[in-house]
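S.K.: Chains as they are written, first to last, in numbering that gives the first Met the number 0: chain A, 0 to 148; chain B, 0 to 148; chain C, 0 to 148; chain D, 0 to 148. Let me give you the structure first, and then I'll get to my questions.
There are 4 protein chains.
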Amino acid sequence: MSKIEQKPENYGIASHFQHWEGDAAEDHNGPFFFAVETQSEGSDKVQTAFRVKPENCNAHKTLHGGILMMFADYTLCIAAIGGTHEAVVTVTCNNEFVGPAFEGDLVTGRGEVTRKGGSLIFVRAVIEVNGNTVLTSSAVVKRVKRREA
Amino acid sequence: MSKIEQKPENYGIASHFQHWEGDAAEDHNGPFFFAVETQSEGSDKVQTAFRVKPENCNAHKTLHGGILMMFADYTLCIAAIGGTHEAVVTVTCNNEFVGPAFEGDLVTGRGEVTRKGGSLIFVRAVIEVNGNTVLTSSAVVKRVKRREA
Amino acid sequence: MSKIEQKPENYGIASHFQHWEGDAAEDHNGPFFFAVETQSEGSDKVQTAFRVKPENCNAHKTLHGGILMMFADYTLCIAAIGGTHEAVVTVTCNNEFVGPAFEGDLVTGRGEVTRKGGSLIFVRAVIEVNGNTVLTSSAVVKRVKRREA
Amino acid sequence: MSKIEQKPENYGIASHFQHWEGDAAEDHNGPFFFAVETQSEGSDKVQTAFRVKPENCNAHKTLHGGILMMFADYTLCIAAIGGTHEAVVTVTCNNEFVGPAFEGDLVTGRGEVTRKGGSLIFVRAVIEVNGNTVLTSSAVVKRVKRREA
Numbered sequence: 000m001s002k003i004e005q006k007p008e009n010y011g012i013a014s015h016f017q018h019w020e021g022d023a024a025e026d027h028n029g030p031f032f033f034a035v036e037t038q039s040e041g042s043d044k045v046q047t048a049f050r051v052k053p054e055n056c057n058a059h060k061t062l063h064g065g066i067l068m069m070f071a072d073y074t075l076c077i078a079a080i081g082g083t084h085e086a087v088v089t090v091t092c093n094n095e096f097v098g099p100a101f102e103g104d105l106v107t108g109r110g111e112v113t114r115k116g117g118s119l120i121f122v123r124a125v126i127e128v129n130g131n132t133v134l135t136s137s138a139v140v141k142r143v144k145r146r147e148a
Numbered sequence: 000m001s002k003i004e005q006k007p008e009n010y011g012i013a014s015h016f017q018h019w020e021g022d023a024a025e026d027h028n029g030p031f032f033f034a035v036e037t038q039s040e041g042s043d044k045v046q047t048a049f050r051v052k053p054e055n056c057n058a059h060k061t062l063h064g065g066i067l068m069m070f071a072d073y074t075l076c077i078a079a080i081g082g083t084h085e086a087v088v089t090v091t092c093n094n095e096f097v098g099p100a101f102e103g104d105l106v107t108g109r110g111e112v113t114r115k116g117g118s119l120i121f122v123r124a125v126i127e128v129n130g131n132t133v134l135t136s137s138a139v140v141k142r143v144k145r146r147e148a
Numbered sequence: 000m001s002k003i004e005q006k007p008e009n010y011g012i013a014s015h016f017q018h019w020e021g022d023a024a025e026d027h028n029g030p031f032f033f034a035v036e037t038q039s040e041g042s043d044k045v046q047t048a049f050r051v052k053p054e055n056c057n058a059h060k061t062l063h064g065g066i067l068m069m070f071a072d073y074t075l076c077i078a079a080i081g082g083t084h085e086a087v088v089t090v091t092c093n094n095e096f097v098g099p100a101f102e103g104d105l106v107t108g109r110g111e112v113t114r115k116g117g118s119l120i121f122v123r124a125v126i127e128v129n130g131n132t133v134l135t136s137s138a139v140v141k142r143v144k145r146r147e148a
Numbered sequence: 000m001s002k003i004e005q006k007p008e009n010y011g012i013a014s015h016f017q018h019w020e021g022d023a024a025e026d027h028n029g030p031f032f033f034a035v036e037t038q039s040e041g042s043d044k045v046q047t048a049f050r051v052k053p054e055n056c057n058a059h060k061t062l063h064g065g066i067l068m069m070f071a072d073y074t075l076c077i078a079a080i081g082g083t084h085e086a087v088v089t090v091t092c093n094n095e096f097v098g099p100a101f102e103g104d105l106v107t108g109r110g111e112v113t114r115k116g117g118s119l120i121f122v123r124a125v126i127e128v129n130g131n132t133v134l135t136s137s138a139v140v141k142r143v144k145r146r147e148a
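Here you go:
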C-alpha cells in the first residue's frame, strides 16, 4: 500500500492523525489512523479513525462485526501503548455491538487505559459513528519483551 | 473473487466444507469455510476453517487478533443459524486469546449452540491450530426479521 | 433485615442514597445503595455504594470477586432502569478485575446506559475504592414484561 | 459455620464432594462444594455444586445473577488450581445468563482449563440445573506468589 493512500486527509480524517506502519492485516482492511491525546503514564487516551469501504461490509452494506472488533482491538492496543512502540498482545477482548455502521461512514474510536500494571494493562474503548456509539469494548493486554536481534 | 479461489481444496481444507456467499469482508480476508455437523434444533454444531495468508498477519507473521475475532464471529454466527439462511446480528462477542497462529497455519473452529431462544441465541466457539486452542469465544446473537423487498 | 440497618448513614454513605427493597440476596451481602443522577431517557447515570464487611471477604480480608461482580450487576441493572421500577434480567455481564478492595472499604459504582433499545439495554459500570478503579464491567440486560397477578 | 453444615450430604450433594475452607464470602452464600475429576497438568476438570437457598434469591425466588457469577468464579478458580492449593486471582470473568435457577435447585458446575501458562491460566465453565445450562462463563486468572510468613 502506498504512502499516498495512507494519508488521513484522503479519507476525510484530520491531518494530525498518524498511521502505524508495518501491520499488513490492518492495512488490508483499513488503513486505520490514530492520534494520542495525552501521554502521562497510566492515563493515556487515544483517538482512532477509519473510513468504511465496500470490502469491509457484509451483504447489506453494513460494516462487518469482525472488522469492527479488529478496529476496536487496534484502538485498545494503541491506547495501551499510548504513543510508545512498546509491544503488547491482547489477552482478552470483550465487545458489545450497540448499533450498526454503514459503507462510507467515518468510524472513530476513543481508547482509555484503566490501569497499567507491571505485566498487564487494562483498557476500554468506545467506537462511534457521528457521535452515536456502535461498539463498546474492553481488553486486557500483556506487555511482551521483544527478542533482541 | 472467483469461484475457483473459493474451493476449499485450494486451501488444503476438506471438500465437504462450504462457502457462505455474498459477504465481501469475509472474502476479502478469507475465504472462510464451514461444515454443519448436526442440524437438530437447539443442538447445532459447526466446523469452520481458513488458511492464514500474509495479508491476515501483523508485523511478526502472526495472525492479527482482529482477524481471529472476525473468524470467531463467523464461526459463532454460522453455529447460531446451523445451516439455515436465517439472519442474525451479533449482540455481544467475548474472546480470550489463548495462543498464537502463524502465516500458513490452517485455523479451524468449532461452534456450538448453548440455547436458542425466541429472540436471542447463545453460542460458544473454540478456535484451534493443529489441535491447540488459540481462541475461546462466546456470543449472544439476535434473530432479525428480514425486510421484504 | 431491619430498616435501621438499611440507612446509608450507618455505613458512612451519603443520606440521599436509596435502598432497593425486596432483594434477599443483595441484603444478605450488602446492603447496597444507589442514587440516580439524571433520569433523561437513554442517558441515565447512577451512583451506587456499599461497605465491605467481613462476610464479603475471602481468606486474606480481600473482597471476594463474586461479591464484586454481584455489586457490579446491581449497579448495571439500576443504571439500566434509571430510577424506574421496570423489570430487567441480565443477559451478559463481562468483568475486568483491575485492583483489590479490602474489608472496611467503601466501594462505589458509576453506571451509565450506552443505548436503550426496545428489548435490550446496553450498560457499562466502573467500580472504585477511594477514586481507584477496582472493576470495570459491561452488560446487556433485557426488558421483561411482568406477569400480571 | 459448623462442619456439620458443610457436609455435602446435607444439601443432597454426593459425599465425595469437598469444601474449600476459609472463604467467609463463599460460606456466607453457599456452602459451595467441588470434586476434582482429573489432575493431569493443563487438563484439569472440576465439578462443583450448591443448593439455592432463600437468601441467594431476588424478589421472585429466582437465583440472583450475582450469586450465580460468584459460583461461576468459584468453579473457574477451582478448575484453574485443579485440586492444588496454588493461589490465583481472577483477572477477567465473562458471563452469559442462558436461563434461570430457582430456590431449592441443585446448581452444578463444570470447569475446564483451556491453557495453563507461566503466569496466566485460561478457564471455561458451564453452570447447569438438571442438565439445562443456566450460565456459561470464561475467565483468565493469574497465578500469585504467596508472601512467606
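Beta carbons are placed, not taken as given, at the ideal position from N, Cα and C, and that holds for glycine.
Suppose you measure from the CA of G98 of chain A to the CA of V88 of chain B; what does that come to, to the nearest Å?
M.R.: One alpha carbon belongs to G98 of chain A, the other to V88 of chain B, and they sit about 10 Å apart.
S.K.: Let me make sure I understand the geometry here. Which of C:A23, C:N55, C:K6 and C:R109 has the alpha-carbon closest to that of E36 of chain C?
M.R.: C:R109
S.K.: Would E85 of chain D pass as a contact of R123 of chain D if the rule is Cβ separation under 8 Å?
M.R.: no
S.K.: Can you pull out the residues from the stretch 118-141 of chain C whose beta carbon lies closer than 7 Å to at least one beta carbon of chain A?
M.R.: Of all residues in the stretch 118-141 of chain C, F121, R123, T132, T135, S137 and V139 have a Cβ within less than 7 Å of some Cβ in chain A.
S.K.: Measuring CA to CA, which of C:C76, C:T47 and C:L105 is closest to T61 of chain C?
M.R.: C:L105
S.K.: In the DSSP assignment, what are the bridge partners of Q5 of chain C?
M.R.: None, per the DSSP bridge assignment.
S.K.: Roughly how many whole angstroms lie between the Cα atoms of S137 of chain D and F96 of chain C?
M.R.: Those two C-alpha atoms are separated by around 14 Å.
S.K.: Between which two residues does the alpha helix (DSSP H) holding F70 of chain D run?
M.R.: G64 to I80
S.K.: DSSP three-state call for N57 of chain B: helix, strand or coil?
M.R.: coil
S.K.: Let me see if you follow: with CB-CB separation under 8 Å, is V97 of chain C close to chain A or not?
M.R.: Nearest CB-CB separation between V97 of chain C and chain A: below the 8 Å threshold.
S.K.: Answer with yes or no whether the minimum CB distance from V90 of chain D to chain A is below 8 Å.
M.R.: yes
S.K.: Take A149 of chain B and list the residues in its own chain whose beta-carbon comes closer than 8 Å to its own, dropping the five residues that flank it on each side.
M.R.: This structure cannot settle anything about residue 149 of chain B, because the visible part of chain B is limited to 0 through 148.
S.K.: Evaluate G81 of chain C with the Cβ neighbour count: other Cβ atoms within 10 Å of its Cβ, from every protein chain shown; 16 or more gives buried, anything less gives exposed.
M.R.: G81 of chain C is buried by the Cβ-count criterion.
S.K.: In the structure shown, what three-state DSSP assignment does N129 of chain A receive?
M.R.: coil
S.K.: At what residues does the alpha helix (DSSP H) containing A100 of chain C begin and finish?
M.R.: Looking at the DSSP string, A100 of chain C is not in any alpha helix (DSSP H), and its letter there is neither H nor E.
S.K.: Just curious, the beta strand (DSSP E) that E95 of chain A is in, first and last residue?
M.R.: V87 to F96
S.K.: How is A24 of chain B classed by DSSP in three states: helix, strand or coil?
M.R.: helix
S.K.: Run through chain B and tell me which residues come within less than 7 Å of N28 of chain C, C-beta to C-beta.
M.R.: The CB of N28 of chain C never comes closer than 7 Å to any CB in chain B; the least such distance is about 26 Å.
S.K.: Check each candidate in B:V140, B:K44 and B:I66 and name the one with the smallest Cα separation from V90 of chain C.
M.R.: B:V140
S.K.: Return the residues of the stretch 49-72 of chain D that lie within a Cβ-Cβ distance of less than 8 Å from chain B, sorted by chain order.
M.R.: none
S.K.: Taking N94 of chain A as the query, report the chain D residues whose CB atoms sit under 9 Å from its CB, ordered along the chain.
M.R.: Correct list: empty, because the minimum Cβ distance to chain D is about 11 Å.
S.K.: Thinking C-beta only, is N94 of chain D closer than 8 Å to C92 of chain C?
M.R.: One thing to note: C92 of chain C has its Cβ within 8 Å of the Cβ of N94 of chain D.
S.K.: At 8 Å on the CB atoms, spell out the chain B contacts of R114 of chain D, in chain order.
M.R.: Within 8 Å Cβ-Cβ: V97, G98 and T132.
S.K.: Is the beta carbon of T47 of chain B less than 8 Å from the beta carbon of T113 of chain D?
M.R.: no
S.K.: Is E147 of chain C helix, strand or coil when you go by DSSP?
M.R.: Bear in mind that a pLDDT of 43 at E147 of chain C, under 50, signals an unreliable position, so the number given afterwards is only what the model happens to contain. Here E147 of chain C sits in coil by DSSP.
S.K.: F101 of chain B: which of B:F31, B:G11, B:P53 and B:V45 sits nearest, CA to CA?
M.R.: B:P53
S.K.: How far does the beta strand (DSSP E) with K52 of chain C in it reach, from first residue to last?
M.R.: Per DSSP, K52 of chain C is not a residue of any beta strand (DSSP E), being assigned neither H nor E.
S.K.: What separation, rounded to the nearest whole angstrom, lies between the Cα atoms of A34 of chain A and F16 of chain B?
M.R.: Whole-angstrom Cα-Cα distance: 42 Å.
S.K.: Cutting at 6 Å between CB atoms, please list the residues of its own chain near Q5 of chain A, excluding the five before and the five after it.
M.R.: The beta carbon of Q5 of chain A sits closer than 6 Å to those of H18 and P30, all from its chain and outside the five residues before and after it, given in chain order.
S.K.: Our contact map puts S118 of chain B next to S118 of chain C with C-beta atoms below 8 Å; I'd like the distance itself, whole angstroms only.
M.R.: 7 Å
S.K.: Starting from S137 of chain C, follow its DSSP beta bridges and name the residues at the other end.
M.R.: C:N93 and C:R123
S.K.: If contacts are defined as beta-carbon pairs under 8 Å, then A71 of chain C and E111 of chain C qualify, I think. What distance do you get, rounded to the angstrom?
M.R.: Their Cβ separation, rounded to whole angstroms, is 13 Å, which puts A71 of chain C and E111 of chain C out of contact at 8 Å.
S.K.: Of all Cβ atoms in chain F, is any one closer than 8 Å to the Cβ of K60 of chain C?
M.R.: The chain inventory of the structure shown lacks chain F, comprising the protein chains A, B, C and D.
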